[in-house]
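Each remark here refers to the structure printed beneath this line.
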Amino acid sequence: MTSMPRPSRWFLIIGFFCLSLFLVLAGLLRPVGDLARHVTLPVVRFVSKNTAAIFLKPSSTTSLRPEEIQALESRLTHLAVDYARLKALEEENKTLRLQTKFLTSSGYDSVGARIISRDLTNERALLLIDRGLQDHLEVGQAVITDEGIFIGKIYSLKEQVASVELLTDPHSRVAAALAGEQRLIGVVEGRGNGAARLTFIPSSEKIQADQIVVTANTQDKVPQNLPLGIVNAVLGESTDPFLSAAIEPLVHLNQISLVSVLRPSVLKP
Amino acid sequence: MRRIILAALLGALAGLWEIAVRPFLPVPFMFRPLLMIVVILLVVSRRSRAVAAAAAGAIIMDLYALPVFDFALLRWLFLIFCLDLLIRHVLTHRSWYATVSLVLVGRLLEYFTAWLIGQVSFWIGISNVPWSRDVHWWIPAIWDVGFVSLVFFILVFLTQRFVTSILRPEERSLGRF
Chain F
0 MTSMPRPSRW FLIIGFFCLS LFLVLAGLLR PVGDLARHVT LPVVRFVSKN TAAIFLKPSS
60 TTSLRPEEIQ ALESRLTHLA VDYARLKALE EENKTLRLQT KFLTSSGYDS VGARIISRDL
120 TNERALLLID RGLQDHLEVG QAVITDEGIF IGKIYSLKEQ VASVELLTDP HSRVAAALAG
180 EQRLIGVVEG RGNGAARLTF IPSSEKIQAD QIVVTANTQD KVPQNLPLGI VNAVLGESTD
240 PFLSAAIEPL VHLNQISLVS VLRPSVLKP
Chain S
0 MRRIILAALL GALAGLWEIA VRPFLPVPFM FRPLLMIVVI LLVVSRRSRA VAAAAAGAII
60 MDLYALPVFD FALLRWLFLI FCLDLLIRHV LTHRSWYATV SLVLVGRLLE YFTAWLIGQV
120 SFWIGISNVP WSRDVHWWIP AIWDVGFVSL VFFILVFLTQ RFVTSILRPE ERSLGRF
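Residue numbers (numbering that gives the first Met the number 0), protein chains in the order written: chain F, 0 to 268; chain S, 0 to 176.
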């Protein structure tokens, strides 16, 4: 009687690799992954929360050079003037809304989320948050800080977690306008390493340093007028068809531990 | 069996460190413990325990991977396979420099397999985000060498496992024992 030949070890190893790859690419392991994530997420959240609490402290201003402090003070003065003007406009707007019984709802509500992991390198700026499909999030929704500053968009989703593409990621593109003006002025492109650039600014536009850049009203899931950065320098000649501007984010993106995702109110569970 | 579970638990903790602790640490402390644990287990313990640790850690990394397409479980099993081949056929003696060589080869292989999977998935369109090298890629390598050296010397000192018991000819002639 002849016995069945035993499959070789190599055959088994290659077979296991191919089968695993097929299962992953076909998405057949997704329910198992969701279940495992459901079980482990509280531990991951606890660990990242405590690590962030220890290490993500605001940087001390004592390390700044005198000229940097002077530049910041100058910028603060400009912003204070802008703030006073905007405050007056806001009061006026409030009165007008009351008078006309204008609908105050912006049409969005926010979902708080904690950053559980991140990848901030020269060529990538991504966050992983502890909210996902089960919280009715969708790809492309705006992600803001607790002060309401736009930092990025939802990039990909799983059942319990989602990844956020920060506005400094080289693949990020955000339509932008200048604060106080409604029309689209250009596109904020991430440049990696914490930098961003406002591009395709028509040379006829009046843009200068220290102006606040906000989101424009041309993106499906991103509300308009969310502040996202400040103009550091305008680049290009007046003879160029388009100008560009170096944009500095309004928050230190590597020191954030909590964010909010803006989703349309109709998606609220 | 209990030791395999213990190794898996250790690997899972290392995976947890890599996804939830390491990204928030200051640059000099951005070490990656999974490879160190796997190499130590391969050198002083058994392959099955190293596989258990690597698999547990890689599963945690796969569960919380950022959008760059990765398949940490397969990568790490392949890595163990290569390291095991090395330890059986090339670095057969248990010495400090063999252990350090093993961990450095492991780190290079880890980067290479991550690059390969990232690039292939980008080219064939599974992922929109290409793999990119960590700016401070050398920091984990320095930690790897320091940590495995420390553990190796502590083990040698405490257990006397890798101390040779054969006397050299000049020691015999001097009557030293």
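A virtual CB, placed ideally from N, CA and C, is assigned to each residue, including glycine. All figures in this text were calculated on a predicted structure; none of them were measured in a lab.
Problem set entry | C-beta atoms of S/M60 and S/G124 nearer than 9 Å | Taking the second sequence and counting its residues from 1, one reaches residue 60 of chain S at position 61. Taking the second sequence and counting its residues from 1, one reaches residue 124 of chain S at position 125. No, these two residues do not count as a Cβ contact at 9 Å.
Problem set entry | Boundaries of the beta strand (DSSP E) in which F/T214 is found, first to last residue | As a working note, residue 214 of chain F is residue 215 in the first sequence. I211 to T214 is the extent of the beta strand (DSSP E) around F/T214.
For this session: Look at the Cβ atom of F/V138, then the Cβ atom of F/I128, and state whether they are nearer than 9 Å.
Result: If you number the first sequence from 1, residue 138 of chain F lands on position 139. If you number the first sequence from 1, residue 128 of chain F lands on position 129. No, they are not a contact pair.
Exercise. What is the DSSP secondary structure of F/P248, counted as helix, strand or coil?
Worked result: Position 249 of the first sequence, counted from the first residue, corresponds to residue 248 of chain F. F/P248: strand per DSSP, three-state reduction.
Exercise. Using a Cβ-Cβ distance under 9 Å, would F/I115 count as near chain S?
Worked result: Taking the first residue of the first sequence as 1, we reach residue 115 of chain F at position 116. Interface residue, yes.
Exercise. In terms of residues, what are the limits of the alpha helix (DSSP H) holding S/L5?
Worked result: Within the second sequence, the letter at position 6 stands for residue 5 of chain S. For S/L5, the enclosing alpha helix (DSSP H) stretches over residues R1 to L15.
For this session: Spell out whether any CB of chain S is found under 9 Å from the CB atom of F/N231.
Result: Along the first sequence, one-based indexing puts residue 231 of chain F at 232. The beta-carbon of F/N231 is placed no less than 9 Å from the nearest beta-carbon of chain S.
Problem set entry | Own chain residues within Cβ distance below 6 Å of F/E36, not counting five before or after | Within the first sequence, residue 36 of chain F is the residue found at index 37, counting from 1. First, the residue type needs correcting, since residue 36 of chain F is Arg and not Glu in the sequence shown. So the qualifying residues of the chain are Q159.
Exercise. Within 8 Å: the Cβ of F/H135 and any heavy atom of the ligand ADP?
Worked result: Here there are no bound small molecules, and the ligand ADP is not part of this structure.
Exercise. Can you list, in chain order, the residues of its chain whose CB lies under 7 Å from that of S/F146, leaving out five sequence neighbours each side?
Worked result: Here residue 146 of chain S refers to the residue found at position 147 when the second sequence is read from its first residue. Around S/F146: M35.
Exercise. Between S/A54 and F/S256, what straight-line distance do the alpha-carbon atoms span, to the nearest angstrom?
Worked result: Residue 54 of chain S sits at position 55 when you count from the first residue of the second sequence. Residue 256 of chain F sits at position 257 when you count from the first residue of the first sequence. Using only the alpha carbons, I get a separation of about 29 Å.
Problem set entry | 9 Å Cβ cutoff, S/L121 in contact with chain F | Counting from one through the second sequence, the residue named residue 121 of chain S turns up at place 122. At residue 121 of chain S the sequence reads Phe, which differs from the Leu that was named. So no, S/F121 is outside the interface.
Exercise. Is the beta carbon of F/D145 less than 9 Å from the beta carbon of F/V258?
Worked result: In the first sequence, the residue the question calls residue 145 of chain F occupies position 146. In the first sequence, the residue the question calls residue 258 of chain F occupies position 259. Cβ atoms of F/D145 and F/V258: closer than 9 Å.
Exercise. Within 9 Å (strictly less), CB to CB, does S/S131 reach chain F?
Worked result: The residue you call residue 131 of chain S lines up with position 132 of the second sequence. It does; some Cβ of chain F falls within 9 Å.
Problem set entry | Contact set for F/L183: own chain, Cβ-Cβ below 7 Å, skip 5 residues either direction | In the first sequence, the residue the question calls residue 183 of chain F occupies position 184. Cβ within range, chain order: A174, A176, A215 and T217.
Problem set entry | Close-in-space but distant-in-sequence residues of the same chain around F/V233 (CB under 7 Å, 5 per side omitted) | Counting from 1 along the first sequence, the entry for residue 233 of chain F is found at position 234. Same-chain partners within the cutoff: I206, Q207, A208, L242 and A244.
Exercise. Name the chain F residues that come within less than 9 Å of S/L15, Cβ to Cβ?
Worked result: For this step, residue 15 of chain S is matched to residue 16 along the second sequence. Per Cβ cutoff of 9 Å: T39, V42, V43 and V46.
Problem set entry | CA nearest to the CA of F/F54, picked from S/A71, S/F28, S/F70 and S/I86 | Start at 1 with the first residue of the first sequence, and residue 54 of chain F comes out as number 55. It is S/F28.
Problem set entry | Neighbourhood of F/S171 by C-beta, 6 Å cutoff - its chain only, sequence neighbours within 5 removed | Position 172 of the first sequence, counted from the first residue, corresponds to residue 171 of chain F. Contacts found: E164 and G189.
Exercise. Alpha carbon to alpha carbon, how far is F/P65 from F/Q140?
Worked result: Locating residue 65 of chain F in the first sequence gives position 66, where the first residue counts as 1. Locating residue 140 of chain F in the first sequence gives position 141, where the first residue counts as 1. Near 40 Å, if we compare the C-alpha coordinates of F/Q140 and F/P65.
Exercise. Under a Cβ-count criterion, where at least 16 other Cβ atoms within 10 Å of its own Cβ denotes burial, should F/P41 be classed as buried or exposed?
Worked result: Stepping through the first sequence from its first residue, residue 41 of chain F is reached at position 42. Of the other Cβ atoms in all chains shown, fewer than 16 fall within 10 Å of the Cβ of F/P41; this residue is therefore exposed.
Exercise. Going by Cα to Cα distance, which pick from S/I4, S/I116, S/E17 and S/M0 is closest to S/Y63?
Worked result: Locating residue 63 of chain S in the second sequence gives position 64, counting from the first residue. Considering only alpha carbons, the answer is S/E17.
Exercise. Anyone know if the C-beta pair for F/K157 and F/K220 falls short of 9 Å?
Worked result: Walking along the first sequence from the start, residue 157 of chain F turns up at place 158. Walking along the first sequence from the start, residue 220 of chain F turns up at place 221. The beta carbons of F/K157 and F/K220 sit no closer together than 9 Å.
Exercise. Using DSSP with H/G/I as helix, E/B as strand and the rest coil, what is F/G228?
Worked result: Residue 228 of chain F sits at position 229 when you count from the first residue of the first sequence. Three-state DSSP puts F/G228 in a strand.
Problem set entry | First through last residue of the alpha helix (DSSP H) which encompasses S/S120 | Locating residue 120 of chain S in the second sequence gives position 121, counting from the first residue. Taken as a continuous stretch (DSSP letters only), the alpha helix (DSSP H) holding S/S120 covers W95 to W122.
Exercise. Grouping DSSP H, G and I as helix and E and B as strand, with all else coil, what is F/D271?
Worked result: This structure cannot settle anything about residue 271 of chain F, because the visible part of chain F is limited to 0 through 268.
For this session: Return the CA-CA distance between S/I3 and F/S109, expressed in angstroms with no decimal places.
Result: To locate residue 3 of chain S, count along the second sequence from 1; it is residue 4. To locate residue 109 of chain F, count along the first sequence from 1; it is residue 110. Roughly 45 Å between the two C-alpha positions.
Exercise. For F/A174 and chain S, any beta-carbon pair shorter than 9 Å?
Worked result: Counted from its first residue, the first sequence places residue 174 of chain F at position 175. No, F/A174 does not count as interfacial toward chain S.
Exercise. Alpha carbon to alpha carbon, what distance is there between S/R21 and S/H88?
Worked result: Mapped onto the second sequence, residue 88 of chain S falls at position 89. Mapped onto the second sequence, residue 21 of chain S falls at position 22. Their Cα atoms are separated by approximately 34 Å.
Exercise. In angstroms, rounded to a whole number, what distance separates the CA positions of F/N192 and F/L136?
Worked result: Stepping through the first sequence from its first residue, residue 192 of chain F is reached at position 193. Stepping through the first sequence from its first residue, residue 136 of chain F is reached at position 137. Those two C-alpha atoms are separated by around 27 Å.
Exercise. Along the segment 49-66 of chain S, what residues have a CB closer than 9 Å to any CB found in chain F?
Worked result: I58, I59, D61, L62, Y63, A64, L65 and P66
For this session: Go ahead and pull the three-state DSSP assignment for F/K86.
Result: Taking the first sequence and counting its residues from 1, the one referred to as residue 86 of chain F is at position 87. Helix, per DSSP.
Exercise. Comparing alpha-carbon positions, which option in S/L12, S/L24 and S/L8 lies nearest F/T50?
Worked result: One-based indexing of the first sequence puts residue 50 of chain F at position 51. Measuring from the Cα of F/T50, the nearest candidate turns out to be S/L24.
Problem set entry | Sequence-distant residues of the same chain with beta carbon closer than 7 Å to F/L24, five excluded per side | On the first sequence, position 25 is the one that residue 24 of chain F refers to. Taken in chain order, the list of residues that qualify is empty.
Exercise. Which parts of the segment 119-182 of chain F are runs of the alpha helix (DSSP H), unbroken and 4 residues or longer, counting only runs that do not cross its ends?
Worked result: none
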